[in-house]
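Going letter by letter, the sequence shown gives residues 57 to 222 in our numbering.
C-beta atoms are modelled at their ideal positions from N, C-alpha and C, and glycine is treated no differently.
First the structure, in the form of structure tokens, and then the observations on it.
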Amino acid sequence: MDLSILEALEPQSAFLIHMLDRAFWWKRRSRQVGRETPPLFVVVDEAHNYFPQGGLIQEDVIYLIARKLQRIAREGRKERLGLILATQFPRDIHAVVRSLCNTRIIFRVDRTDVPVLDLPREYEETATRMDDLTAIVKSPVGLRMGYATIRVPLTVTEHVDLSAMS
């Protein structure tokens, strides 16, 4: 769903959070009444636009957003609801929202992004020099964080920008 029709940032963020909240409660109520629903993954591309750092959205709104995201992060798996936040600019995502991301898949980043990624020192340099299709996975393993470097296979589908075709 393209939210750019709403033009301003706050209405876009508000609508996105409303839709995430509705999805969560739909999944929960369906499970409670025994209605089977398929797993649902919501992917928010350009997440830095919806959860920005630096005062573009009022702090009280960010904390409201964070509470709703926190519920999805904590309880979403039970409801078969997943959330993926994707960005090329992790430093531009509000720190509160970043802190809710348990598992991170980090492709090559600019040096200015390294401090916000909370990587061990041995991965900091790697994060800025990785080849294409290589990533660092940071995820909880038991009671501690685990790290791994992975190689992603080439996609089998071609990306086509339909908006460029006329």
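According to the neighbour-count rule (16 or more other Cβ atoms, all chains shown, within 10 Å of its Cβ), is residue i buried or exposed?
i    : result
F97  : exposed
A151 : exposed
I61  : exposed
Y106 : buried
G110 : exposed
Taking DSSP as the reference, what is the three-state secondary structure of residue i?
i    : result
P171 : helix
A142 : coil
M75  : helix
V153 : helix
V98  : strand
T184 : helix
Y203 : strand
V165 : coil
A220 : helix
Going along the chain, which residues of its own chain have a beta-carbon closer than 7 Å to the beta-carbon of residue i, five neighbours each way excluded?
i    : result
I73  : I121, K124
L137 : A79, F80, K83, L96, I128
Can you give me the Cβ contacts of residue i inside the same chain, cut-off strictly under 6 Å, excluding the 5 residues immediately before and after it?
i    : result
H104 : T143, F145, D148, I149
A129 : L156
F163 : A191
S86  : T93
Report the rounded CA-to-CA distance for residue i versus residue j, giving the unit in angstroms.
i    : j    : result
P108 : S219 : 26 Å
L65  : Q126 : 21 Å
P209 : L139 : 22 Å
L189 : T182 : 13 Å
R91  : D187 : 45 Å
E115 : I161 : 27 Å
Leaving out five residues on either side along the sequence, give the residues of the same chain with a beta carbon under 8 Å from the beta carbon of residue i.
i    : result
P196 : N158, T159, G202
T184 : R164, V165, D166, R167, V170
V100 : L72, Y106, L139, I140, L141, A142
R154 : P146, V172
> So, do the region 162-174 and the region 142-153 have three or more beta carbon pairs nearer to each other than 8 Å?
Replying inline: yes
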